[in-house]
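Here's the structure we're looking at; comments come further down.
Numbering (my numbering), first residue to last: 1447 to 1916.
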């Protein structure tokens, strides 16, 4: 197996790695202290806190309504982040007491709000989440260091990732991104290590991380469709050198990831006769996405302007009549996400008869209207791709040409890093409302690409300047 033509041969020393980890954690902590402050939970955060407290107080995984009463077991949510919260509660009574107060007074200050009398005293929880954010930044550094061989490019990639503000933002919330971001960043690093070093240990680590991120966000399970082929292709390339042993990394990846997920599937099979990750989630997400297929041609055209980050809505107001973009607004009462969604859901339920909603949606609303669905999917990709707002817009302008160049020149490691988050960007656009929050796993590859292109640009500028002086 010939190495990637762009793969560096020099690896960072242990000292450089430890210093980078410490700096990433300290800088993330400082940025958090400057930009974030304690806040009450909102919306989806209640559900994760409720599941975590249920595990902590009652040993039951379910949606807790009254902290004093054990809920029924359910499989709508995935277990990893609630289990993480439960562990923090068991380690810190301050956090547990604060969550108990919040859940006891849920919605008393309005829907999806906690009673302001419950002070957000989270004790150990937020510092641990900030630590995880710092480790995420470290994996961005490590990935860029492996891809480029340059300490400067790696440092710039980490700085660019921090500038998105996403890592410190979600460290201050109780959402699955707290674990998805470090797990996804670590998975990208491990896959590159497996690709470059032909390492069985890195393949096993990739399987462990993939299994864990799947137990945190169900959508990640579909990334096996692009990750498994990476390991299979690696085996094909190594066949002449290693024979059947060439496929051991693929077997290791699949075996370890299956072992991580299997206990949760077994639990759901035993309790609900459903050996699945979740239940009841699919049709809820899909009906939200299919509501957007009601876009008119004018709305579809306007969406590519309206969903530009930061300035898109103002620009659309100048270029289009209001009826061409009003329903694209999340907060619009008659928009695709709110009022029109409820109308659409009622129409679907009236038409489907005895057919399960999910089956009806797939057969009639998706496959039966596939051309329109694909067209709208491009708009949904556009909405979801700009992580970090304008930061994402600029980063994509550097990432796409670099990705094409990498594919042509055989820089497999960059393609390997890009495959899972880019695939999930398309999948999210195909089956969900596709907001940037769902695609934050793009940050490592976008940060590296921007840092690499900027480094090349700086080298070119220096060469031109020296040539002009000569």
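Beta carbons: idealized from backbone N, C-alpha and C, even for Gly.
Cβ contact check for the region 1861 to 1878 and the region 1631 to 1649: 3 or more pairs under 8 Å: As far as the Cβ criterion goes, the region 1861 to 1878 touches the region 1631 to 1649, which means the pair count is three or higher.
CB contact flag (residue 1717, residue 1519, <8 Å): Inclusion of residue 1717 and residue 1519 in the CB contact set at 8 Å is warranted, their separation being smaller than that value.
Does the count of Cβ pairs from the region 1744 to 1757 and the region 1824 to 1834 closer than 8 Å reach three? Yes, since at least three Cβ pairs between the region 1744 to 1757 and the region 1824 to 1834 fall closer than 8 Å, the two stretches touch.
If you check the beta carbons only, do residue 1583 and residue 1900 fall under 8 Å apart? no
Sequence-distant residues of its chain with Cβ nearer than 7 Å to residue 1496 (five each side left out): 1509, 1510 and 1549
How would you call residue 1612, buried or exposed, if buried means at least 16 neighbouring beta carbons within 10 angstroms? By the 10 Å Cβ count, residue 1612 comes out buried.
Assigned exposure category for residue 1620 - 16 Cβ within 10 Å defines buried: buried
Would you identify the three-state DSSP class for residue 1598, choosing helix, strand or coil? helix
Alpha carbons only, please: which of 1677, 1704 and 1753 is nearest the one belonging to residue 1658? 1704
In angstroms, rounded to a whole number, what distance separates the CA positions of residue 1537 and residue 1507? Each residue's Cα considered, the two are about 19 Å apart.
Are the Cβ atoms of residue 1853 and residue 1862 separated by less than 8 Å? no
Cα-Cα separation between residue 1781 and residue 1770, rounded to whole angstroms: 11 Å
Taking the alpha carbon of residue 1808 as the reference point, which residue from 1574, 1733, 1660 and 1777 has its own alpha carbon closest? The shortest Cα separation from residue 1808 among 1574, 1733, 1660 and 1777 belongs to 1733.
Using CA atoms only, rank isn't needed, just tell me which of 1541, 1531 and 1513 is closest to residue 1484. The residue from 1541, 1531 and 1513 with its alpha-carbon nearest to that of residue 1484 is 1541.
Compute every distance between the C-beta of residue 1753 and the non-hydrogen atoms of the ligand SAM, then say whether any falls below 7 Å. You won't find the ligand SAM in this model; it holds no ligand whatsoever.
What residues in its chain sit with their C-beta under 7 Å from that of residue 1698, if we drop five residues either side in the sequence? 1646, 1649, 1650 and 1653
For a test of the three-state rule: what should DSSP assign to residue 1564, helix, strand or coil? coil
Determine the burial state of residue 1515: buried for a count of at least 16 other Cβ atoms within 10 Å of its Cβ, exposed for fewer. Counting other Cβ atoms within 10 Å of its Cβ, residue 1515 stays below 16 and is therefore classed as exposed.
Residue range of the unbroken alpha helix (DSSP H) whose run includes residue 1641: 1623 to 1643
Do residue 1471 and residue 1588 have their beta-carbon atoms positioned less than 8 Å apart in this structure? Going by C-beta atoms, residue 1588 is not nearer than 8 Å to residue 1471.
Whole angstroms is fine: what's the gap from residue 1873's alpha carbon to residue 1803's? 20 Å
For the alpha helix (DSSP H) holding residue 1550, just list the boundary residues, first then last. 1539 to 1550
Apply the 10 Å Cβ neighbour rule to residue 1875 and answer buried if 16 or more other Cβ atoms are within range, or exposed otherwise. buried
Limits of the unbroken alpha helix (DSSP H) element including residue 1774: Careful: residue 1774 lies outside any alpha helix (DSSP H) and carries neither H nor E.
Which first and last residues belong to the alpha helix (DSSP H) in which residue 1737 is found? 1728 to 1737
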